[in-house]
């Protein structure tokens, strides 16, 4: 068959299906796009000039950040592939178009990704791997730090341990724990539990306390405690917060999260606060 008699046949076969709309799906997903490959001597059925041969590719992304690219085949679109819709080209249509001289004879059977698109995937996965490594190191670091802290807490009776744990964490929430706060915590632990508490031990525990507790950490602070013990721990935290005569913003936030984790209502918390004076 003479090449000049092929274009209409190719056009009819290529456009036998309805034009496909390029997709762009959500924050976590993918979006299709077209890249210009070559002009082709076929008219756009919508009257928008000639069609172009395009590489159909997909950008897989997370919140708009490209993670990796994939090449999905060829398509025809109006202009220089800057249209919002395209006509997909099957392998059979691609071969027929090459034979007819509509498409370049040396066109690869599958579109190729550019070097930048290939590198994007390596960089993105490398960044994800690095982030996961940092998170793992941080987690392992917290685990290593928790061991000596747990040993220090082990020097106290169970309820005193929990009070010291909570009050040191709260004092650490607004920065470094001062010697005055250390003395106050040791005094409150002693008064509420009747167990002698060495300020040097409290200073050691406070030094190893974290200032970035998450909801799960607050829940862990109350694990295994009965309601009365939880209220005693909350009361101790409020006493430490009141020691300087005022509640700091970080202390208020800490007590609020602790109350929520312990399932102690605001009304009960207020009652504990007003009845929490400790004899000098």
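Residue numbers (our numbering): 6 to 285.
Don't be surprised by glycine CBs; every beta carbon is placed ideally from N, CA and C.
Simplified DSSP state of residue i, which is helix, strand or coil
i, result
"residue 147", "Since pLDDT at residue 147 reaches only 48, below the 50 mark, its modelled position is unreliable, and the value read off the structure follows with that caveat. Here residue 147 sits in helix by DSSP."
"residue 38", "strand"
"residue 50", "coil"
"residue 190", "helix"
"residue 223", "helix"
"residue 182", "coil"
"residue 213", "coil"
"residue 102", "helix"
"residue 230", "coil"
"residue 170", "helix"
"residue 259", "helix"
"residue 108", "coil"
"residue 30", "Because residue 30 carries a pLDDT of 49, less than 50, the predicted location of this residue cannot be relied on, and the following value inherits that uncertainty. Looking at residue 30 - three-state DSSP - the assignment turns out to be coil, as it is neither helix nor strand."
"residue 244", "helix"
"residue 252", "coil"
"residue 265", "helix"
"residue 116", "coil"
"residue 272", "helix"
"residue 200", "coil"
"residue 218", "coil"
For residue i: DSSP bridge partner residues
i, result
"residue 64", "36, 74"
"residue 81", "58, 92"
"residue 43", "58"
Expected contact under 8 Å - CB spacing of residue i and residue j to nearest Å
i, j, result
"residue 289", "residue 194", "Nothing can be reported for residue 289, as the shown portion of the chain is limited to 6 through 285."
"residue 72", "residue 58", "The pair is not a contact, with the Cβ atoms about 27 Å apart (cut-off 8 Å)."
"residue 168", "residue 225", "That pair is no contact at about 15 Å."
"residue 278", "residue 243", "5 Å"
"residue 94", "residue 105", "Actually they do not touch by this definition, with Cβ atoms about 13 Å apart."
Same chain, Cβ closer than 7 Å to residue i, neighbours up to 5 away in sequence not counted
i, result
"residue 88", "82"
"residue 267", "227, 235, 239"
"residue 76", "60, 62, 115, 116, 117, 118"
"residue 49", "55, 56, 83"
"residue 208", "187"
"residue 41", "57, 59, 85, 86"
"residue 223", "262, 263, 266"
"residue 269", "235, 236, 239"
"residue 183", "none"
Chain-order list of residues whose beta-carbon lies under 6 Å from that of residue i (same chain, five-residue window excluded)
i, result
"residue 246", "252, 256"
"residue 103", "110"
"residue 35", "63, 65"
"residue 179", "253, 255"
"residue 122", "74"
"residue 43", "58, 109"
"residue 202", "191, 194, 195"
"residue 274", "264"
"residue 322", "Since the first residue of the chain shown is 6 and the last is 285, residue 322 is not available in this structure."
Cβ neighbours of residue i in the same chain (closer than 8 Å, five flanking residues each side left out)
i, result
"residue 13", "In this prediction, residue 13 has a pLDDT of 46, which is less than 50 and means its spatial position is unreliable; nothing more can be read from the coordinates."
"residue 53", "83, 84, 88"
"residue 271", "264"
"residue 146", "Confidence at residue 146 is low in this model, with a pLDDT of 49, below 50, so its placement is unreliable and the value that follows should be read with caution. Closer than 8 Å at Cβ, skipping near neighbours: no residue."
"residue 99", "79, 108, 112, 114"
"residue 276", "none"
"residue 177", "211, 214, 215, 216"
Distance cut-off 7 Å: residue i Cβ against heavy atoms of the ligand GTP
i, result
"residue 106", "For the structure depicted, the ligand GTP is absent and the ligand set is empty, with no information on it obtainable."
Answer yes if the segment 168-175 comes into contact with the segment 211-219, meaning at least three C-beta pairs across the two stretches below 8 Å, and no otherwise.
Contact holds: three or more Cβ-Cβ distances are below 8 Å.
Would you check if the segment 256-266 and the segment 184-192 touch, i.e. whether three or more CB-CB distances between them fall below 8 Å?
They do not touch, by the three-pair rule.
Between the segment 222-233 and the segment 198-210, are three or more C-beta pairs nearer than 8 Å?
Contact between the segment 222-233 and the segment 198-210 is absent: fewer than three C-beta pairs spanning the two stretches fall below 8 Å.
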